[in-house]
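Reading the sequence shown from the start, the letters are residues 132 to 313 in the numbering used here. Cβ atoms here follow ideal geometry from the backbone N, Cα and C, with glycine treated the same way. Here's the structure, in structure tokens; my notes come after.
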Amino acid sequence: MKNKVVLHQFVLIGVLVVVTAWKLITGREFLGADLVWWWLGAIIGFLIVFADRLVYILLMRDEPLSKKFGEMFSGGRYLQSVEALMYERYEQKELVMRSALFIFAWVIMAVFAATSVNNPFGRGFILGLGTHLTFDLISDYYGNKERFNLWFWQVKRELPEGEKSLFVLVMAVAFIFLGFIL
């Protein structure tokens, strides 16, 4: 678990450094408060995806993980409840943000942010959100096929592997393209 958390941090910082360098080289960004707000927005957007697990726990009260979390949290063992949530995160099957439909919605939000939003915090937020989602999608695709298939829980038919692979490719290309203009 700790390795993936560390990898999350490396991915976020790596994406931010690369996109910041691109913005500075192309003259689209200047050093100052806007850059700080953009980075802050990206970090918060990246972290907000973790909140999906907490929402799941709060809404799915009849599941064992929800009961365990609730008992620990109400007993004042806050740190232990968060650790239990992280260690047993694979029990959470139908997360809203970790779904093909949500990542598709992210692409639409990113297009609007890239074309209509001038606020650096908002643009960074969308970039951070997309960075986390795309990282998790690709990580699950290559590292955990069972977990990867859960990205399609909202789709009411069984998708062939070719369609799933095409989805990952299209989303990765969309992220790269949108990442450089956010």
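The beta carbon of Leu313 is closer than 7 Å to those of Ala241, Ala244, Ala245, Arg254, Ile257, Leu258 in its chain, skipping five residues each way along the sequence.
Looking only at Asp193, Lys295, Pro291, Glu289, the smallest Cα-Cα distance to Tyr273 is reached by Lys295. Residue range 276 to 280 is occupied by the alpha helix (DSSP H) that includes Asn280. From the listed residues Leu268, Val301, Val148, the smallest Cα separation to Ile174 is found for Val148.
Taking a C-beta distance under 8 Å as the contact criterion, Gly261 and Trp237 qualify as a contact pair. Two segments are said to touch when three or more pairs of C-beta atoms, one from each, lie closer than 8 Å; by this definition the region 145 to 159 does not touch the region 221 to 234. Counting along the chain, the unbroken alpha helix (DSSP H) around Glu292 starts and ends at 292 to 312. As the crow flies, the alpha-carbon of His263 is around 8 Å from that of Leu143.
Straight-line spacing of the CA atoms in Arg278 and Ile234 works out to 16 Å. Residue environment: Gly172 is assigned as buried (16 or more neighbouring CB atoms within 10 Å of its CB, all protein chains considered). For Gly176, same chain residues with a beta-carbon under 7 Å away, outside a window of 5 residues either side, are Gly255, Phe256, Ile257, Leu258, Gly259, Leu260 in chain order.
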